[in-house]
């Protein structure tokens, strides 16, 4: 396949919490696409990533790592190459804070970043850029489009962006995009809510996915004490405090289990304090942030996987656990019921309800046969609807549709 080169732009790439983007780009390249990558911020936790991710970081443009002289040179390049386009981009940046909700400082920063990226795009003869999450990085893409000669598309995940549609200028980002990839029916419905029906034809559902070979069925862990696993950033939206409360209830009722929480984040201190003050004690382990390979080792040891989230898109960690035939429990929110059908291929609890979550966990602790049944059904669901290879081919098809 001979294609024009495209760029993928993220606020942080590669990232421990967004390995699915790395895998998506790998799939596109295997399909014959030439994909260059750019990240606004230099990635954190690079030391614990896989060698392949570390190598990817070396080949990725780190926009904010560019020096001031390099930034000035980039902007001079853009000005001399297309003076009218440069003035249009400057006017668009001015409009961001004059008529929009963006502060002057942020508008200047986005303008500076756009100049660096434009020079990089010109160097690699790239005319299309794909941005993940529709966050402030998408405004940088919008500025580049106003310069001319560059189009952009978006992958929208949610749900955070749907809570701030006005301040995030989501409708404007969507209006100027070539196409929008939404990861779920829930996601596409929220984009439809803020866009005129005339723009719905450029909305496409392309689900995220996992590699069913990489996340192959684990052997029965044969744990004397059932192992519960939770993987996710330690932030309020992930509901780990509710998970600890539910497990504390179970512990007080005499249930035996070992809970492992993998991840890092601002809630770590309060989660550890709750654990220490409760009856959980040594029944809970906090591992901190881990790379892909070590996380897969924890999957292999788990009897069940729990994600008690309050806000999500469709969590890839649930897909990973299901692919390994680990029975999963999550909450009835946003796009999760599209992945998990209650008592068919997993269990769903009421969000924010520790008692109901404890009830669902207790079902699986007491019933190994149910664990096996739900685990097998979960893998079938992932293979049928969340297979990375099949879904990423749909991204290839979208880019080809745009003539890229």
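Numbering (our numbering), first residue to last: 11 to 414. Idealized CB from N, CA, C, for every residue including glycine.
Between which residues of its own chain and residue i is the CB-CB distance below 8 Å, once the five residues before and five after are set aside?
i, result
"residue 348", "194, 195, 196, 324"
"residue 202", "210, 213"
"residue 289", "258, 261, 262"
"residue 411", "189"
"residue 154", "99, 124, 127, 128, 131, 139, 160, 162"
"residue 149", "106, 112, 120, 179, 183"
"residue 186", "152, 155, 162"
"residue 75", "52"
"residue 407", "none"
"residue 405", "34, 37, 38, 191, 216"
"residue 346", "319, 322, 324, 325, 328, 340, 358"
Within the continuous alpha helix (DSSP H) that includes residue i, where are the two ends?
i, result
"residue 22", "That residue, residue 22, is in no alpha helix (DSSP H); its beta strand (DSSP E) goes 16-22."
"residue 315", "Where residue 315 is concerned, there is no enclosing alpha helix (DSSP H), although the beta strand (DSSP E) it sits in stretches over 314-316."
"residue 414", "That residue, residue 414, is in no alpha helix (DSSP H); it is neither H nor E in DSSP."
"residue 48", "Here residue 48 belongs to no alpha helix (DSSP H); instead the beta strand (DSSP E) covers 45-51."
"residue 327", "326-333"
"residue 95", "93-108"
"residue 257", "250-262"
"residue 197", "195-203"
Under 7 Å Cβ to Cβ from residue i, same chain only, skipping five residues before and after it: list those, please.
i, result
"residue 386", "335"
"residue 227", "334, 335, 389"
"residue 247", "319, 320, 321"
"residue 24", "32, 53, 59, 63, 66, 67"
"residue 144", "164, 166, 171, 180, 183"
"residue 204", "175, 180, 181"
"residue 282", "296"
"residue 414", "13, 14, 16, 138"
Specify, as a first and last residue, the run of the beta strand (DSSP E) that residue i falls within.
i, result
"residue 164", "161-166"
"residue 191", "190-192"
"residue 340", "338-341"
"residue 354", "Where residue 354 is concerned, there is no enclosing beta strand (DSSP E), given that its DSSP letter is neither H nor E."
"residue 139", "138-142"
"residue 135", "Per DSSP, residue 135 belongs to no beta strand (DSSP E) and is neither H nor E."
"residue 298", "294-298"
"residue 184", "Residue 184 -> not in any beta strand (DSSP E); alpha helix (DSSP H) instead, spanning 180-186."
"residue 271", "268-272"
Here's a check: name, in chain order, each residue in its chain whose Cβ is nearer than 6 Å to the Cβ of residue i, leaving out the five neighbours to either side.
i, result
"residue 26", "55, 299"
"residue 218", "30, 193, 326"
"residue 337", "314, 374, 381, 384, 385"
"residue 403", "none"
"residue 221", "398"
"residue 206", "none"
"residue 28", "none"
"residue 89", "96"
Which residue's Cα is closest to the Cα of residue i: the options?
i, options, result
"residue 286", "315, 141, 251", "251"
"residue 398", "34, 64, 146, 135", "34"
"residue 104", "92, 122, 321", "122"
"residue 118", "127, 128, 21, 106", "106"
"residue 266", "282, 70, 235", "235"
"residue 176", "396, 379, 359, 111", "111"
"residue 52", "67, 271, 63", "67"
"residue 378", "232, 278, 253", "232"
"residue 137", "46, 206, 342", "46"
"residue 311", "268, 284, 291, 346", "268"
"residue 141", "109, 21, 115", "21"
"residue 40", "28, 61, 13, 48", "13"
"residue 276", "242, 172, 308, 414", "242"
"residue 297", "307, 291, 270", "270"
"residue 329", "409, 366, 264, 395", "395"
"residue 225", "134, 302, 89, 264", "302"
"residue 293", "264, 307, 279", "264"
Beta-carbon separation of residue i and residue j under 8 Å?
i, j, result
"residue 169", "residue 295", "no"
"residue 132", "residue 91", "yes"
"residue 368", "residue 256", "yes"
"residue 16", "residue 147", "no"
"residue 151", "residue 38", "no"
"residue 305", "residue 339", "no"
"residue 244", "residue 274", "yes"
"residue 216", "residue 191", "yes"
"residue 284", "residue 253", "no"
"residue 341", "residue 364", "no"
"residue 95", "residue 157", "yes"
"residue 48", "residue 73", "yes"
"residue 409", "residue 81", "no"
Is any heavy atom in the ligand GTP found nearer than 7 Å to the beta carbon of residue i?
i, result
"residue 366", "Absence of the ligand GTP is noted for the structure shown, with no ligands found whatsoever."
Is there a Cβ of chain C sitting closer than 8 Å to that of residue i, yes or no?
i, result
"residue 396", "Included in the structure is just one protein chain, with no chain C present."
Next on the checklist: Under 8 Å: do the stretch 337-356 and the stretch 38-57 share three or more Cβ pairs, one atom per stretch?
Outcome noted: no
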